[in-house]
Amino acid sequence: MGFTSESVEALVEQFAKLPGIGRKTAQRLAAHVLKMSRAEIADLAHTLIKVKDTVKQCSVCCNVTDADPCAICSSPQRDHAVICLVEEANDVLAIERLNEYRGVYHVLGGAISPLDGIGPEDLHIGELLQRIDPTHEQATAPVSQNGWAPAGEDTEDMPVPNTHIPPKEIIFALNPTVEGDTTVYYLSQLLKPASVRLTRIARGLPIGGDLEYADEATLARALEGRSAL
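If you're matching positions, the sequence shown starts at 11 in my numbering and goes up one per residue.
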């Protein structure tokens with residue numbers, strides 16, 4: 011059963027369109043909005059419009075930003091020779107919370123997923139290739155495991171940073187999923203001719219976890235990634 015107000019019902023429907031928000035949560039959010047003052051609602055509406063109007067994509071790393079290039083790409087305190095490759099902007103936040111990584115990032119905007127109709131041409135791969143080689147015009151690579159021939163990407167109109175520092179290492183920090191593994195394989199084949207070190211973050215057992223509860227894939231990865239003492 012819904013609200014007796016059509017206006018509130020319309021608000022519930024809008025909230026329910028957000029990812030991870032079910033109808034019950036949408037109803038609770040709508041009920042909370044009804045308790046807010048008009049000034050608070052005006053501030054919320056203004057912030058939403060401001061986000062849409064001012065937030066843009068960094069021309070270097072493709073992360074979300076207000077200023078182009080973003081604060082990380084323009085910082086002289088970062089090691090621009092090390093690029094951490096992630097799927098989404100939220101992944102940058104997760105790594106930055108560690109306060110351990112001092113390199114820069116590149117946000118792909120997703121992962122290769124045939125079932126969802128997402129191919130290499132839908133990701134920010136062309137921008138990555140330009141960061142490695144500013145003279146790059148087209149992406150070429152062997153056919154991937156999924157049978158995809160690499161798509162040519164026109165980078166003629168892509169902006170090139172004023173100061174280009176050739177990367178020495180690219181860290182793959184993609185999610186340990188089928189889509190993430192497919193993307194890693196595709197990009198590793200694509201970047202093989204480049205004189206850059208390709209690494210991947212370790213995968214295995216979490217701290218405090220028990221072996222008996224670990225799934226086979228996680229345990230196998232932990233054994234493969236074992237290190238010397």
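Glycine residues also receive a C-beta, built at the ideal position from the N, C-alpha and C atoms.
What first and last residue would you give for the alpha helix (DSSP H) that runs through residue i?
i, result
"R2", "The first residue shown for the chain is 11 and the last is 239, placing residue 2 beyond what the model contains."
"D191", "V188 to L201"
"I105", "A99 to E106"
"T14", "Premise fails: T14 is in no alpha helix (DSSP H) and is neither H nor E."
"L233", "E226 to E234"
Need the endpoints of the beta strand (DSSP E) that residue i sits in, please.
i, result
"I180", "E179 to F182"
"A91", "D89 to V96"
"G32", "Per DSSP, G32 belongs to no beta strand (DSSP E) and is neither H nor E."
"Y115", "G113 to V117"
To the nearest whole angstrom, what separates the beta carbons of residue i and residue j, a pair I think is in contact under 8 Å?
i, j, result
"R213", "R231", "4 Å"
"L95", "A183", "6 Å"
"V114", "C71", "6 Å"
"E16", "I122", "About 43 Å separates the two Cβ atoms, so there is no contact after all."
"L208", "L201", "6 Å"
Can you tell me the Cα-Cα spacing of residue i and residue j, whole angstroms?
i, j, result
"D225", "A49", "51 Å"
"L138", "M46", "44 Å"
"T187", "A227", "11 Å"
"E131", "G119", "11 Å"
"R107", "R210", "19 Å"
"E23", "V206", "49 Å"
"L125", "V194", "17 Å"
"E134", "E179", "Just to set this straight, residue 134 is His in the shown sequence, not Glu. Their Cα atoms are separated by approximately 18 Å."
"L39", "Y111", "37 Å"
"P29", "T35", "11 Å"
What are the partner residues of residue i, as DSSP defines its beta bridges?
i, result
"L3", "Residue coverage of the chain in this structure runs from 11 to 239, which leaves residue 3 outside it and unanswerable."
"V74", "Q67"
"I128", "S123"
key: Whole runs of the alpha helix (DSSP H) within the region 37-70, excluding any shorter than 4 residues   = Runs of the alpha helix (DSSP H) inside the region 37-70: 48-64.
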